[in-house]
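This report refers to the structure that appears directly beneath it.
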Amino acid sequence: MKEPVNVIGAGPAGLTAAIVLARHGYRVRVYEKEPDVGHRLHGDFQGLENWSSEQDVMALLKDCGIETNFLCIPYSRGTIYAPAMSPLQVRSSRPIFYLVQRGALNGTLDWGLKAQALAAGVEISFRSMPDRFSERTITATGPRGVHVLAVGITFSTTQEDLAVVLFDDDLAPKGYAYLLIHGGRGTLATVLFRDYGRGDECLGKIRNFLERAAGIDIRESRRFCSFGNFFLSPTRKHHRVLYVGESGGFQDFLWGFGMRYAIRSGYLAAKSFIEDTDYDALWKEELGPMLKTALVNRYLFERLGHAGYRFLARKFAQGNPCGFLRRHYKYSLSKQLLLPIARMRFKDHIASPDLLHRNCLCEQCRGKDR
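Using our numbering, read the sequence shown as starting at 99 and increasing by one per residue.
In structure tokens form, the structure reads like this:
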């Protein structure tokens, strides 16, 4: 009889792992401290990125056994703003990203994955966390700190569907701002990698800028704030515990598009149990090169100023933005040479393995506390 598996956390990574395991005959129980999935999210639109790999993210979801029973709209064009230049139109032959909605609402990614998990026979215990566990466990408890902060609003609008991104250190220090509109609803946010205390100030500036420059109609706005972290660690396991999603540092260090990484890490953790293979070997082969490259990309991006943002905007608008980005996500010789420098620059984000199992509930760690 297959040994039961616990999953701690009901985000995309944890639910993906639970769905895959349950469909392979495992008894899976998910523990979630909140009253529902997506509880810390706000009904905001996010992008499921489609540029870091040759494989379209829809094919990746299918490969993971995930159905698209949630809002998932391809966006192949948009507008990009950079300081002291006219807005540029970006068009791509393949979707740049797929728009999804997050939170405890009908049609969101979170509720879609919950429905798939329940249909597969997964037990989900809300407002619950075990005192300790001895079974094999997957931990998907989300960010462990604040390395990137998003401050934004959701709103209603008469504006037609569109996507806008802005690069400007006065609006999003060493990050970016974005506007996504679909079906009369919109999300506007600034994503800051520095100066977190300026979030509301930057958001106000962006809103004023877009209302003035692009005539964006914003009604019934509601503020939200979310955060993420990124780190590298030589292992994502501890005893019988596997770490997935942001709790394992699976995040795009460049711009914080982590859903693709989270879903895939959950799938790989489940695969390691099903096939009795080494989880560290699986993620290092598939996700390791992209994580290292993303760290180098973050180092390079932070060295850019407004002139560099204008250069990026022009490159994106020249055509084939996905191809341009994908080339910069490959773990090339130049990225290998720059990796030690990037590691030194972000040494606080290079985690020792003990960060993973701090406050761990497994029997081995609990035994040390007694």
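All residues carry an ideal CB built from backbone N, CA and C; glycine is no exception. None of these values were measured; they are calculated from a predicted model.
- Residue range 386-400 is occupied by the alpha helix (DSSP H) that includes residue 389, with no beta strand (DSSP E) assigned at that position.
- Fewer than three beta-carbon pairs drawn from the stretch 154-169 and the stretch 385-392 are found closer than 8 Å, and the two stretches are therefore not classed as touching.
- Residue burial annotation: residue 108 is buried, with at least 16 other C-beta atoms found within 10 angstroms of its C-beta.
- When only Cα atoms are considered, residue 284 and residue 307 end up about 16 Å apart.
- Residue 236 is a Cβ neighbour of residue 342, given a cutoff of 8 Å.
- In the assembly as shown, residue 104 is a buried residue. Its beta-carbon has 16 or more other beta-carbons within 10 Å.
- Around residue 298, the same chain offers 249 as residues with beta carbons nearer than 7 Å, after the five sequence neighbours per side are excluded.
- Contact check between the stretch 118-136 and the stretch 263-270: fewer than three CB pairs, one atom from each, fall below 8 Å, which does not count as touching.
- The alpha carbon of residue 130 has as its nearest neighbour, out of 214, 228, 196, 182, the alpha carbon of 228.
- In the structure shown, residue 285 falls within a strand segment according to DSSP collapsed to helix, strand and coil.
- Here residue 119 has 103, 126, 368 as same chain residues with Cβ atoms under 6 Å from its own Cβ, once five neighbours each way along the sequence are excluded.
- For residue 407, the enclosing alpha helix (DSSP H) begins and ends at 404-415.
- Looking from the CA of residue 432, the closest CA among 293, 224, 394, 333 belongs to 394.
- With 16 or more other CB atoms across the displayed protein chains lying within 10 angstroms of its CB, residue 339 is buried.
- DSSP places residue 269 outside both helix and strand once states are collapsed to three, so it counts as coil.
- Residue range 274-280 is occupied by the beta strand (DSSP E) that includes residue 280.
- The beta-bridge partner set that DSSP reports for residue 257 is empty.
- In this chain, the beta strand (DSSP E) harbouring residue 104 covers 103-106.
- Unbroken alpha helix (DSSP H) runs of no fewer than 4 residues, entirely contained in the stretch 279-335, are found at 297-311, following chain order.
- Here residue 178 carries a strand assignment [DSSP, helix/strand/coil].
- A straight line joining the alpha-carbon of residue 123 with that of residue 199 spans about 30 Å.
- Residues 366, 369, 370 of the same chain have their beta carbon placed closer than 7 Å to that of residue 380, with the five preceding and five following residues left out of the count.
- Following the DSSP letters along the chain, one finds residue 363 inside the alpha helix (DSSP H) bounded by residues 357-372.
- No Cβ-Cβ contact shorter than 8 Å links residue 422 with residue 428.
- Segment contact: the stretch 312-329 against the stretch 238-255, three or more CB-CB distances shorter than 8 Å; contact assigned.
- Annotation: the continuous alpha helix (DSSP H) that includes residue 114 extends over 110-121.
- In this structure, residue 128 places its C-beta atom within 8 Å of the C-beta atom of residue 222.
- If you compare the alpha carbons of 146, 440, 286, 191 with that of residue 416, the shortest gap goes to 191.
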